[in-house]
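Residue numbering for the sequence shown follows this note's numbering, starting at 38 and increasing by one per position. Each residue gets a CB set at the ideal place from its N, CA and C atoms; glycine is no exception.
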Amino acid sequence: MQGLFRLTWLALLFSVLGGCDLSPPIDVEQAVLVVPAASVAASPSNPYALYFTLHNRGNADVAVSGVAIDSAVSAQLQSVTAHRMPNSNGAPGMQALMQPIERVEVPKHARVAFSPGGFTVTVVPGARTWRVGDSVAFTVQLASAWTVAGRARVVTFAELDAARASGAVAAPDASGADSAIADSATAIATGQRLYRANGCAQCHGLDGGGDGPLAKVLQPPPRNFRAALPFANGSTADAVARTLATGLPAGGSMPLYPHLSRQERLAIASYVLSLGTDGSTPTTGSAPRSIP
Numbered sequence: 038m039q040g041l042f043r044l045t046w047l048a049l050l051f052s053v054l055g056g057c058d059l060s061p062p063i064d065v066e067q068a069v070l071v072v073p074a075a076s077v078a079a080s081p082s083n084p085y086a087l088y089f090t091l092h093n094r095g096n097a098d099v100a101v102s103g104v105a106i107d108s109a110v111s112a113q114l115q116s117v118t119a120h121r122m123p124n125s126n127g128a129p130g131m132q133a134l135m136q137p138i139e140r141v142e143v144p145k146h147a148r149v150a151f152s153p154g155g156f157t158v159t160v161v162p163g164a165r166t167w168r169v170g171d172s173v174a175f176t177v178q179l180a181s182a183w184t185v186a187g188r189a190r191v192v193t194f195a196e197l198d199a200a201r202a203s204g205a206v207a208a209p210d211a212s213g214a215d216s217a218i219a220d221s222a223t224a225i226a227t228g229q230r231l232y233r234a235n236g237c238a239q240c241h242g243l244d245g246g247g248d249g250p251l252a253k254v255l256q257p258p259p260r261n262f263r264a265a266l267p268f269a270n271g272s273t274a275d276a277v278a279r280t281l282a283t284g285l286p287a288g289g290s291m292p293l294y295p296h297l298s299r300q301e302r303l304a305i306a307s308y309v310l311s312l313g314t315d316g317s318t319p320t321t322g323s324a325p326r327s328i329p
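Here is the structure:
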């Protein structure tokens with residue numbers, strides 16, 4: 038009789054559990070997969086970037102331990118890490134660099150955004166690559182062994198930048214305002230001021246020659262903006278502005294500047310591009326352009 042009661046109780050329990058949704062109360066919101074610059078092929082040194090927001094509606098903290106994307110060679114969690122480097126006046130300061138991480142905590146009843154200047158998933162594709170407009174499925178892996186499905190729209194960084202500026206997608210705090218830059222001369226002058234104020238000269242040199250005070254101790258060495266070499270992420274103002282926003286996720290000493298507005302980053306890009314030209318207006322589109 039006791040055995041029959043136990044079997045009846047277990048059958049009732051399985052019946053109740055079978056009607057319950059035991060998946061974690063986590064929502065994936067605002068997911069986009071950002072393609073590399075149009076002039077640069079995706080590779081381990083120039084990966085795609087996956088951004089999204091996780092909304093934890095549950096009553097317990099969770100942690101993201103990884104992300105999986107079909108046909109991708111790798112998908113790496115990255116975050117901004119502060120490194121002590123001299124600022125524009127030579128005094129000790131902190132610069133932000135991208136570094137791999139093992140997990141991202143998502144507190145209960147909270148949202149955590151993966152966005153430029155914050156958490157990022159760098160994605161190296163396999164045989165299949167994605168184009169702007171595609172929709173890509175991915176899986177967020179939680180430390181508890183649960184998974185959450187998401188789908189990302191493939192966009193350019195310029196599209197994401199515009200959406201962040203309008204408040205359409207989550208973005209880290211930014212202190213700079215999107216002040217309009219009227220012409221190329223103004224852009225270059227503004228860019229020179231921002232270049233010096235944000236410590237760029239400590240590595241790249243006061244005049245962009247790659248000979249700043251820190252140049253001798255950095256590997257790889259900082260770029261000489263006066264050299265006739267293409268930029269790693271593309272040689273347009275948009276491409277250089279993107280590097281200022283995202284850094285170099287694949288590694289290197291290049292910090293990122295999420296506190297700068299898009300217009301401020303474009304101004305710095307205009308200035309550094311002008312160092313290798315006759316001062317003419319830098320292009321802002323995605324077509325490749327080597328600096329003469």
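Worksheet item: Leu303 by DSSP, collapsed to three states: which one?
Response: On the sequence shown, position 266 is the one that residue 303 refers to. In the structure shown, Leu303 sits in a helix (DSSP, three-state: H, G or I).
Worksheet item: How would you write the range of the beta strand (DSSP E) that Ser172 sits in, first residue to last?
Response: Locating residue 172 in the sequence shown gives position 135, where the first residue counts as 1. 172-179 is the extent of the beta strand (DSSP E) around Ser172.
Worksheet item: In this structure, does DSSP put Leu312 in helix, strand or coil?
Response: Position 275 of the sequence shown, counted from the first residue, corresponds to residue 312. Reduced to three states, the DSSP call for Leu312 is coil.
Item to complete: Would you mind working out which of Val309, Ser111, Pro84, Val149 sits nearest Val101, comparing C-alpha positions?
Response: The residue given as residue 101 occupies position 64 in the sequence shown. Ranking the options by Cα distance to Val101, first place goes to Val149.
Item to complete: Quick one: give me the first and last residue of the beta strand (DSSP E) that Tyr85 is part of.
Response: Counted from its first residue, the sequence shown places residue 85 at position 48. From DSSP, the beta strand (DSSP E) with Tyr85 extends over 85-93.
Practice prompt. With a 10 Å radius around its C-beta and 16 neighbouring C-beta atoms as the bar for buried, classify Leu243 as buried or exposed.
Written response: Numbered from 1 along the sequence shown, position 206 holds the residue referred to as residue 243. With fewer than 16 Cβ atoms within 10 Å of its Cβ, Leu243 is classed as exposed.
Practice prompt. Could I get the ranges of all uninterrupted alpha helix (DSSP H) runs contained in the region 235-268, with 4 residues as the minimum, in chain order?
Written response: 238-241
Practice prompt. Look up Leu50 in the DSSP assignment and say whether it is helix, strand or coil.
Written response: Translated into the one-based positions of the sequence shown, residue 50 becomes position 13. With a pLDDT of 48 at Leu50, under the threshold of 50, the predicted position of this residue should be treated as unreliable, though the coordinate-derived value follows. Correct three-state label for Leu50: helix.
Worksheet item: Can you tell which of Pro267, Ala186, Ile138 has the C-alpha that lies nearest to the C-alpha of Pro62?
Response: Against the sequence shown, residue 62 aligns to sequence position 25. Pro62 has its Cα closest to that of Ala186, out of Pro267, Ala186, Ile138.
Practice prompt. Below 8 angstroms CB to CB, which residues in the same chain sit around Gln178 once its five sequence neighbours on both sides are set aside?
Written response: Your numbering for residue 178 matches position 141 in the sequence shown. Once the five neighbours on either side are set aside, the close Cβ partners of Gln178 are Val101, Ser102, Gly103, Val104, Ala105, Thr184.
Discussion item. Taking a contact to mean a Cβ-Cβ separation below 9 angstroms, would you say Asp171 touches Arg279 in this structure?
Written reply: Here residue 171 corresponds to residue number 134 of the sequence shown, with the count starting at 1. Here residue 279 corresponds to residue number 242 of the sequence shown, with the count starting at 1. Contact: no.
Item to complete: Whole angstroms is fine: what's the gap from Ala269's alpha carbon to Leu255's?
Response: Start at 1 with the first residue of the sequence shown, and residue 269 comes out as number 232. Start at 1 with the first residue of the sequence shown, and residue 255 comes out as number 218. Cα to Cα, the separation comes out at about 17 angstroms.
Fill in: Assigned exposure category for Asp107 - 16 Cβ within 10 Å defines buried
In the sequence shown, the residue the question calls residue 107 occupies position 70. Its Cβ having fewer than 16 others within 10 Å, Asp107 is exposed.
Worksheet item: Where do the N-terminal and C-terminal ends of the alpha helix (DSSP H) with Asp275 fall, by residue?
Response: Taking the sequence shown and counting its residues from 1, the one referred to as residue 275 is at position 238. Start and end: 274-283.
Worksheet item: Are the CB atoms of Ala174 and Arg188 nearer to each other than 9 angstroms?
Response: Here residue 174 corresponds to residue number 137 of the sequence shown, with the count starting at 1. Here residue 188 corresponds to residue number 151 of the sequence shown, with the count starting at 1. Closer than 9 angstroms, so yes.
Discussion item. Suppose contacts are defined by Cβ-Cβ distances below 9 angstroms. Is Arg140 in contact with Ala112 by that definition?
Written reply: As a first step, residue 140 must be located in the sequence shown, where it is residue number 103. As a first step, residue 112 must be located in the sequence shown, where it is residue number 75. The answer is no: Cβ separation not under 9 angstroms.
Worksheet entry | Inter-residue Cα distance where the pair is Val169 and Val158 | Start at 1 with the first residue of the sequence shown, and residue 169 comes out as number 132. Start at 1 with the first residue of the sequence shown, and residue 158 comes out as number 121. Cα to Cα, the separation comes out at about 18 angstroms.
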